[in-house]
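Quick notes on the structure that follows.
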Amino acid sequence: LIQVRDEGQLDAWVDAAIKAQPQAAADVASGKMAAIGRLVGHVMKLSGGKADAKAVNEKLTAKLRGGG
Numbered sequence: 009l010i011q012v013r014d015e016g017q018l019d020a021w022v023d024a025a026i027k028a029q030p031q032a033a034a035d036v037a038s039g040k041m042a043a044i045g046r047l048v049g050h051v052m053k054l055s056g057g058k059a060d061a062k063a064v065n066e067k068l069t070a071k072l073r074g075g076g
């Protein structure tokens, strides 16, 4: 299975997941990290299961918790 690690594509999927799941994004931003699974799941759905889940998790955490 080929995993997508292209930064631009991952960023696009992450942004789309945040827009599609605003409550989960707000929960993660406020420290409820259990909600990150919904966002990672959304990215995996958008990518057809090809996104690198670890990279997606790191990008979501940085964007929502670290201002990335």
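Counting from 9, one number per residue, gives the positions in the sequence shown under the working numbering. A virtual CB, placed ideally from N, CA and C, is assigned to each residue, including glycine. Since we're looking at a predicted model, the values are computed, not measured.
For residue i, count neighbouring Cβ atoms within 10 angstroms of its own Cβ and tell me buried if that reaches 16, exposed if not.
i	result
I10	exposed
A24	exposed
A43	buried
Output needed for residue i: all residues of its chain with C-beta closer than 8 angstroms, excluding positions within five of it in sequence on either side, in chain order.
i	result
A37	L72, R73
K67	L18, D19, V22, G76
Between the options, which lies nearest to residue i when the distance is taken from Cα to Cα?
i	options	result
H50	E15, K27, V12	K27
T69	A24, W21, R13, A33	A33
N65	P30, L47, K40	L47
Among residues of its own chain, excluding the 5 on either side of residue i, which ones have a beta-carbon nearer than 7 angstroms to its beta-carbon?
i	result
L61	At residue 61 the sequence reads Ala, which differs from the Leu that was named. The answer, listed in chain order, is V48, M52.
S55	V12, W21
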